[in-house]
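**Student:** Following this note's numbering from start to finish, the sequence shown increments by one per residue and tops out at 127. For each residue, glycine too, the CB sits at the ideal point set by N, CA and C.
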Amino acid sequence: MDDNTFDLFTQSPLLRADDGSDNDDSKSAELQAINHIRDILDPSMLPALATHNFQSPVFLGYGSADEKVSVNLGQSMVDFLQKRLDMDVTWKAYGGFGHWCKVPDEIHDIVQFFEGEGWCAVLKR
3 MDDNTFDLFT QSPLLRADDG SDNDDSKSAE LQAINHIRDI LDPSMLPALA THNFQSPVFL
63 GYGSADEKVS VNLGQSMVDF LQKRLDMDVT WKAYGGFGHW CKVPDEIHDI VQFFEGEGWC
123 AVLKR
């Protein structure tokens, strides 16, 4: 994949770190991020946001050989969620794997993640 691909998380003026430029400082980073996505998808903008939705921990598994979405974009997503939205993100890149879930490794890691967050696994063999 071309590393010069547009990176939504670093190139969008709405999502850049606060630098006093085009950001609307009266709106939270969370609200700016959601409204940026809503602007792309074309529903109406949200006037306010309940930030409790951003307190859920996130697991992102990524194939390092993904030809559809560069692993660099995945890492940019992690950086954005952690630094701009102050979210708890667990990141794992799976060497040599592509766009889909790496079975059984990634599934095992997802179950471990849920168990570590206090969720119990539904099925165990």
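#1: Of the residues L83, I112, V113 and G63, which one's Cα is nearest the Cα of L33?
#2: By DSSP, does A50 sit in helix, in strand, or in coil?
#3: Terminal residues of the continuous alpha helix (DSSP H) containing F116?
#4: Can you tell me which of the three DSSP states L62 falls into?
#5: From E108 to V73, what distance separates their C-alpha atoms?
#6: Could you tell me which of S30, L87 and A95 sits nearest to S66, measuring between CA atoms?
**Tutor:** With the structure as the only source:
#1: L83
#2: coil
#3: D107 to G118
#4: strand
#5: 15 Å
#6: A95
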